[in-house]
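Below: one structure, written as structure tokens.
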Amino acid sequence: MVIFTSCNPSSSTYYDIGQIKTPYGEMLFWLYKETPKHKKSFLSLANQHYWDTLTFNRVIKNFVIQGGCPDTPEGFKDSPYLIDPEFQPNIRHIYGAVGAGRDDNPSKLSAGCQLYIVHNRNGIPRLDDNYMIFGQLFKGFDVLDHIAGMPTDTLDQPLTSISMEVNNIKLTKKELIELGVPWVN
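Residues in the sequence shown are numbered consecutively from 0, following numbering that gives the first Met the number 0.
Structural data, given as structure tokens:
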């Protein structure tokens, strides 16, 4: 008896994963399905290579590293759009949380052009339900720590430009489990 089998790669489920490449290494983060507008925005801009000519322009140790379009007195310069908040009670500003920056606006609209990563090992609860989290770092904490420790000026801008190449990559459940991602569903 002969049994024919095939490996059909299209039968595997792939997950969209955020990737930030820097001169100091790579960071990978999970994108929350609970924040669909922010996830869609990130994927769209990453696929357009929107951030690839921009830098981490705000670095505050034990707070956040932030990058994207420049923040000016008039607001975020060249933000392609604003996004309504999608706050979730189970998504908090813990170490490695990836969020969308915003100006001070009463509707708490996120700027499509900004992203930040929490660099406080105790988290930053005061930002919960005020700023949007849409992802969670699972690889590259050493890169986050390195960037957060870089010297800055009085405006929290790094003295050395920190480029970022932001991508959407696709990984299987097996690959994510091998990388230690515990929350793959």
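Here a beta-carbon is modelled for each residue, glycine too, at the ideal position from N, C-alpha and C.
My guess is that residue i and residue j are in contact by the Cβ rule of under 8 Å, so how many angstroms apart are they, rounded?
i	j	result
T21	I161	6 Å
R101	Y130	6 Å
Identify, in the order they occur along the chain, each residue of the same chain with its Cβ nearer than 6 Å to the Cβ of residue i, setting aside the five sequence neighbours on each side.
i	result
D127	R91, H92
L175	V183
S106	none
Less than 8 Å between C-beta atoms, sequence neighbours within five positions excluded: which residues of the same chain meet that for residue i?
i	result
K169	Y13, Y14, D15, I16
K32	K38
T171	S11, T12, Y13, Y14
For residue i, I'd like the list of residues in its chain whose CB is within less than 7 Å of its CB, leaving aside the five on either flank, ordered along the chain.
i	result
N46	N167
A147	V58, K60, I64, H118
T151	V58, P157, L158
Do residue j and residue i count as a contact pair if the criterion is CB distance below 8 Å?
i	j	result
T54	M163	yes
Q135	A99	no
I82	S43	no
L178	F133	no
K38	L30	yes
N89	Q156	no
E85	T153	no
I19	V165	yes
R125	Y94	no
Going by the DSSP bridge assignment, what does residue i pair with across the sheet?
i	result
N167	G17
W29	I16, Q135
L114	G66
L81	A110
A45	A45 pairs with nothing; no bridge assigned.
A96	Q135
Three-pair Cβ contact test at 8 Å for the region 53-69 versus the region 112-130: Short answer: they touch.
Segment contact flag, the region 142-160 with the region 21-30, C-beta cutoff 8 Å, min 3 pairs: Segment contact: the region 142-160 against the region 21-30, three or more CB-CB distances shorter than 8 Å; contact assigned.
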